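These protein sequence lines are chains A and X, in that order. All residue numbers for the first sequence refer to this note's numbering, where the first residue is 16 and numbers rise by one. All residue numbers for the second sequence refer to this note's numbering, where the first residue is 132 and numbers rise by one.
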Amino acid sequence: MAMLRAAAKKAMAVVGTGAPQAASAFSRTLHASPDSKKIVGVFYKANEYASLNPKFVGCVEGSLGIRDWLESKGHQYIVTDDKEGPNCELEKHIHDMHVLITTPFHPAYVTAERIKKAKNLQLLLTAGIGSDHIDLKAAADAGLTVAEITGSNVVSVAEDELMRILILVRNFLPGYHQVIKGDWNVAGIAYRAYDLEGKTIGTVGAGRIGKLLLQRLKPFNCNLLYHDRLKISPELEKETGAKFEEDLDAMLPKCDVVVINMPLTEKTRGLFDKERIGKLKKGVLIVNNARAAIMDTQAVADACSSGHIAGYSGDVWNPQPAPRDHPWRYMPNHAMTPHISGTTIDGQLRYAAGVKDMLDKYFKGEEFPAQNYIVKEGKLASQYQ
Amino acid sequence: MAMLRAAKHAMRALGSRASDASPFARTLHASTGSKKIVGVFYKANEYASMNPKFVGCVEGSLGIRDWLESQGHQYIVTDDKEGPNCELEKHIPDMHVLITTPFHPAYVTEERIKKAKNLQLLLTAGIGSDHIDLKAAAAAGLTVAEVTGSNTVSVAEDELMRILILVRNFLPGYHQVINGDWNVAAISYRAYDLEGKTVGTVGAGRIGKLLLQRLKPFNCNLLYHDRLKMEPELEQEIGAKFEEDLDKMLPKCDVIVINTPLTEKTRGLFNKERIGKLKKGVLIVNNARGAIMDTQAVADACSSGHIAGYSGDVWNPQPAPKDHPWRYMPNHAMTPHISGTTIDGQLRYAAGTKDMLDRYFKGQDFPAQNYIVKEGKLASQYQ
């Protein structure tokens with residue numbers, strides 16, 4: 016295995032990212048021999064919650080429901096939640112693991128340093144969507160394949176975004192707080208509670224999740240705008256009534272609600288900085304279930320405090336888990352949760368099935384579904400370039 | 132006015148069959164004299180000045196003060212509605228019109244109706260007039276009308292929000308955040324997508340239909356129970372299935388949404404027995420009226436987990452007292468009564484109230500669907 020690894024790395028270093036002749040090195044790398052493989056999975060721990068639901072496959076205890084299947088084939092399967100620091104459980108297995116399964120809900124940060132140490136590593140699988148917790152360039156340079164379960168959470172996240180839009184527009188949380196405190200003050204909620212109908216919603220990104228959100232928004236009779244690198248199909252534009260906005264900064268000031276639906280890439284990191292936030296409509300509502308690092312953390316906190324952002328809701332943070340003192344926990348006008356939208360039981364079942372399917376293909380030397388590749392043969396998927 | 136009142140006595144003697152429509156017509160063809168209009172709304176205090184569109188509060192007075200006073204009418208607005216010495220009681224003897232609102236309901240009892248010698252018209256700024264003793268109002272020859280349609284979109288949106296909040300287990304996550312915690316598993320062990328779940332609406336009137344339309348892209352199994360079946364085109368467009376028998380529909384549901392008015396038939400409909408027959412772990416959304424449910428039965432079922440989530444904005448009574456059990460039961464996502472009183476809703480029901488007052492002054496009929504009590508008869512949904 017060390018020979019394959021070294022050869023692949025050398026080949027890549029010489030030829031760079033456009034490497035047709037090195038394809039065979041990768042295909043060899045990924046045509047796993049029938050030997051026993053060491054598969055490591057990093058998920059979140061459930062403790063007392065593990066036994067409360069037999070379908071709870073996404074936690075450490077559930078192990079994606081593939082332990083018996085893997086072990087019956089003679090593979091080794093190590094699952095942990097302990098991912099941070101040089102002495103963590105994950106670090107012990109880096110040097111000889113063949114496959115690492117990670118998940119955005121408790122992300123193992125796969126840095127260039129860790130990749131260097133992972134001499135046997137061939138495949139990085141994301142149980143879910145979003146592989147920005149992996150240094151994708153380093154993975155590409157090292158000849159690794161990175162793949163995720165494309166489609167596994169798209170419905171989950173779109174539903175969750177619509178829920179958050181309504182929570183912010185309708186001013187739900189202040190009412191809930193009143194109830195649990197023993198209060199009753201309708202005016203304290205109603206003075207800034209609105210219907211969604213007739214408002215202008217802009218989605219920044221109209222990929223899989225953005226399209227599903229637009230479809231779910233349609234019956235609400237809003238003014239729907241979308242910005243993306245690509246226009247959506249004319250049929251879908253007509254079906255949803257959504258209007259294409261080629262220029263992001265021309266779209267944003269029109270929006271009562273802004274929803275972020277892009278991956279975290281070099282291009283989108285810090286996209287919503289203090290300046291861009293300042294140009295949003297005063298009282299804008301923002302929903303971000305994409306990645307937190309797309310926003311400037313402090314700029315969001317400041318704008319919520321000033322009221323320039325009248326409501327901010329999302330399930331993504333930088334970093335994750337969010338530390339106890341993360342400013343987004345305590346800023347006014349928020350409706351934050353931990354990272355949960357894609358890890359509903361339904362989502363877990365889908366990504367667990369997708370991981371099993373890709374492991375099966377890996378063992379058999381078969382290709383993955385094309386849309387699942389994030390890094391293949393030294394190249395990053397288009398949305399990450 | 133004593134003559135008109137005699138007509139009312141006559142009506143009572145006749146019962147609710149109003150063969151003699153003319154006394155009512157006369158009652159409602161207001162003379163061109165100055166009228167005393169009383170409105171009971173919620174008070175906003177410091178919130179009143181924060182939004183110029185905030186017409187629904189006492190301070191905002193539906194935005195019709197200048198209009199009423201310029202026509203020579205008297206307009207008294209208060210939030211003080213409870214007890215024999217409240218502000219409302221002072222004006223009962225001589226008011227011609229009482230405007231009430233479900234979000235801070237003035238309970239118009241038979242006793243109060245008896246004292247209201249000048250009263251001709253009860254207008255509900257919003258939807259739902261169960262805070263009025265409708266039979267007593269009918270017997271007294273009063274007209275009761277509400278601003279039908281003013282909040283239907285508001286409530287349908289709000290119901291969908293609550294369905295998602297419960298299914299996706301939002302609140303435990305929020306609590307973790309504000310408590311400094313992070314424990315994904317404690318949320319995700321019982322968080323689900325709405326897709327593919329069975330959602331049943333009890334009642335498919337205006338609000339129920341709008342809810343079903345908004346649910347359609349979520350690809351659920353949609354069921355509805357109502358006295359009336361929908362037109363086939365609408366059923367097909369929405370993909371909802373008619374369930375003639377309520378008690379057959381209920382056990383099929385992962386999520387139940389209440390969309391009926393509070394009437395004699397629906398009061399206490401969801402008692403301990405009926406709740407017990409629901410699927411274990413059912414989620415319930417009730418933005419209709421608190422009294423459709425048995426308060427304690429809901430609290431008990433939430434505590435046992437038979438109801439995995441209960442969310443709504445309606446209580447019995449309102450305002451809800453500090454110790455109302457629904458504030459403290461587990462698995463709830465309750466708010467005060469707000470869904471129909473968004474700024475957008477307020478603007479609609481303020482405009483609708485103004486329109487009906489205008490017609491009242493001019494002796495014109497209201498839109499037919501606005502009548503709740505007319506000429507001694509209750510609207511069909513309340514019979």
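Glycine is no exception: its CB is placed at the ideal position from the N, C-alpha and C atoms. On a predicted model such as this, the values are computed, not experimentally measured, just so you know.
Are the CB atoms of residue i and residue j nearer to each other than 8 Å?
i	j	result
leucine 365 of chain X	lysine 340 of chain X	yes
glycine 304 of chain A	isoleucine 164 of chain A	For the sequence presented, residue 304 of chain A should be read as asparagine rather than glycine. No.
aspartate 517 of chain X	proline 461 of chain X	With chain X running from 132 to 514 in the structure shown, residue 517 of chain X is simply not present.
threonine 473 of chain X	aspartate 210 of chain A	yes
leucine 79 of chain A	alanine 367 of chain A	yes
glycine 190 of chain A	isoleucine 180 of chain A	no
phenylalanine 309 of chain A	valine 315 of chain A	Phenylalanine is not the amino acid found at residue 309 of chain A; the sequence shown has isoleucine there. The answer is no: Cβ separation not under 8 Å.
valine 278 of chain X	tyrosine 480 of chain X	yes
glutamate 212 of chain A	phenylalanine 235 of chain A	yes
tyrosine 491 of chain X	leucine 252 of chain X	yes
aspartate 243 of chain A	alanine 257 of chain A	no
threonine 358 of chain A	glycine 77 of chain A	no
glycine 421 of chain X	asparagine 447 of chain X	yes
aspartate 215 of chain A	lysine 269 of chain A	Contrary to the premise, residue 215 of chain A reads as threonine rather than aspartate in this sequence. For threonine 215 of chain A and lysine 269 of chain A, yes; Cβs fall inside 8 Å.
lysine 296 of chain A	aspartate 271 of chain A	yes
lysine 371 of chain A	isoleucine 116 of chain A	no
aspartate 330 of chain A	aspartate 96 of chain A	no
arginine 345 of chain X	alanine 287 of chain X	yes
valine 315 of chain X	histidine 354 of chain A	yes
isoleucine 406 of chain X	alanine 439 of chain X	no
Going by Cα to Cα distance, which pick from the options is closest to residue i?
i	options	result
aspartate 425 of chain X	X/Glu404, X/Leu409 and X/His437	X/Glu404
valine 298 of chain X	X/Arg490, X/Gly187 and X/Leu414	X/Leu414
tyrosine 178 of chain X	A/Leu140, A/Ala208, A/Leu251 and A/Lys88	A/Ala208
glycine 164 of chain X	X/Ser192, X/Arg337 and X/Glu200	X/Glu200
glutamate 261 of chain A	A/Val194, A/His354, A/Ile109 and A/Leu245	A/Leu245
aspartate 532 of chain X	X/Val429, X/Cys217, X/Thr394 and X/Asn352	For chain X, the structure presents residues 132 to 514; residue 532 of chain X sits outside this window and is missing.
arginine 339 of chain A	X/Ile309, X/Gln427 and X/Lys245	X/Ile309
isoleucine 296 of chain X	X/Pro498, X/Asn176, X/Ala482 and X/Val386	X/Val386
proline 224 of chain X	X/Lys248, X/Met380 and X/Ser285	X/Lys248
valine 274 of chain A	A/Phe378, A/Pro336, A/Ser248 and A/Ala307	A/Ala307
glutamate 108 of chain X	X/Phe185, X/Asn350 and X/Cys384	What the structure shows of chain X is the stretch from 132 to 514, and residue 108 of chain X is not part of that stretch, so it cannot be assessed.
proline 452 of chain X	A/Gly322, A/Val194 and A/Lys394	A/Val194
proline 183 of chain X	X/Gln477, X/His227, X/Lys245 and X/Gln205	X/Gln477
threonine 90 of chain X	X/Gly334, X/Tyr355 and X/Tyr173	Since the first residue of chain X shown is 132 and the last is 514, residue 90 of chain X is not available in this structure.
lysine 376 of chain A	A/Val114, A/Gly56, A/Leu105 and A/Pro69	A/Val114
isoleucine 8 of chain A	A/Lys98, A/Cys103, A/Gln137 and A/Arg129	Outside the shown range of chain A, which is 16 to 400, sits residue 8 of chain A, and nothing can be said about it.
glycine 326 of chain A	A/Arg344, A/Ala154 and A/Leu300	A/Leu300
Within 10 Å of its beta-carbon, does residue i have 16 or more other beta-carbons around it, so buried, or fewer, so exposed?
i	result
leucine 67 of chain A	exposed
alanine 265 of chain A	exposed
alanine 313 of chain A	Strictly speaking, residue 313 of chain A in this sequence is glutamine, with alanine absent from that position. The residue is exposed, with fewer than 16 neighbouring Cβ atoms inside 10 Å.
glycine 507 of chain X	buried
methionine 487 of chain X	buried
aspartate 50 of chain A	exposed
proline 101 of chain A	exposed
alanine 40 of chain A	Only weak support exists for where alanine 40 of chain A lies, its pLDDT of 41 falling under 50; the coordinates are left without a value.
serine 248 of chain A	exposed
threonine 240 of chain X	exposed
alanine 499 of chain X	exposed
methionine 373 of chain A	buried
alanine 23 of chain A	Per-residue confidence for alanine 23 of chain A stands at a pLDDT of 41, beneath the threshold of 50, marking its modelled position as unreliable; no derived number is given.
leucine 359 of chain X	exposed
alanine 141 of chain X	In this predicted model, alanine 141 of chain X has a pLDDT of only 43, less than 50, meaning its place in the structure is not dependable; the value taken from the coordinates is given anyway. So alanine 141 of chain X ends up on the exposed side.
> Going along the chain, which unbroken runs of the alpha helix (DSSP H) with 4 or more residues stay wholly within the stretch 145-232 of chain A?
Replying inline: 151-156, 169-184, 187-196, 202-205 and 223-232
>> Beta carbons nearer than 9 Å to chain X: which residues of the stretch 222-247 of chain A have them?
In response: Leu227, Gln230, Arg231, Leu232, Lys233, Pro234, Phe235 and Asn236
>> Counting only Cβ-Cβ distances shorter than 8 Å, please list the residues of the stretch 147-166 of chain A near chain X, keeping chain order.
In response: none
>> Under 9 Å, CB to CB, which of the residues in the stretch 195-207 of chain A have a partner in chain X?
In response: Ile195, Lys196, Gly197, Asp198, Trp199, Asn200, Val201, Ala202, Gly203, Ile204, Ala205, Tyr206 and Arg207
>> Taking beta-carbon pairs under 9 Å, can you tell me which members of the stretch 352-383 of chain X lie near chain A?
In response: none
> Which runs of the alpha helix (DSSP H) spanning at least 4 residues fall entirely within the stretch 77-145 of chain A, listed in chain order?
Replying inline: 82-87, 104-109 and 127-132
> At what residue ranges does the stretch 195-228 of chain X contain a whole run of the beta strand (DSSP E), taking only runs of 3 or more?
Replying inline: 205-209
>> In chain order, what are the residue ranges of uninterrupted beta strand (DSSP E) at least 3 long that sit wholly in the stretch 285-364 of chain X?
In response: 329-333 and 352-356
> Of the residues that make up the stretch 335-346 of chain X, which ones have a beta carbon closer than 7 Å to any beta carbon in chain A?
Replying inline: Gln344 and Arg345
>> Give the list of continuous beta strand (DSSP E) stretches no shorter than 3 residues that lie fully inside the stretch 397-422 of chain X.
In response: 413-417
>> Against chain A, which members of the stretch 457-472 of chain X pass a CB distance test of less than 7 Å?
In response: Arg458, Ala464, Met465, Thr466, Pro467, His468, Ile469 and Thr472
> What residues from the stretch 426-437 of chain X come within 7 Å of chain A, judged by C-beta to C-beta, listed N to C?
Replying inline: none
> When you check each C-beta in the stretch 167-195 of chain X against every C-beta of chain A, which residues fall closer than 8 Å?
Replying inline: Tyr173, Lys174, Ala175, Asn176, Tyr178, Ala179, Met181, Asn182, Phe185, Gly187 and Cys188
>> At 3 residues or longer, what runs of the beta strand (DSSP E) sit wholly inside the stretch 284-308 of chain A?
In response: 299-303
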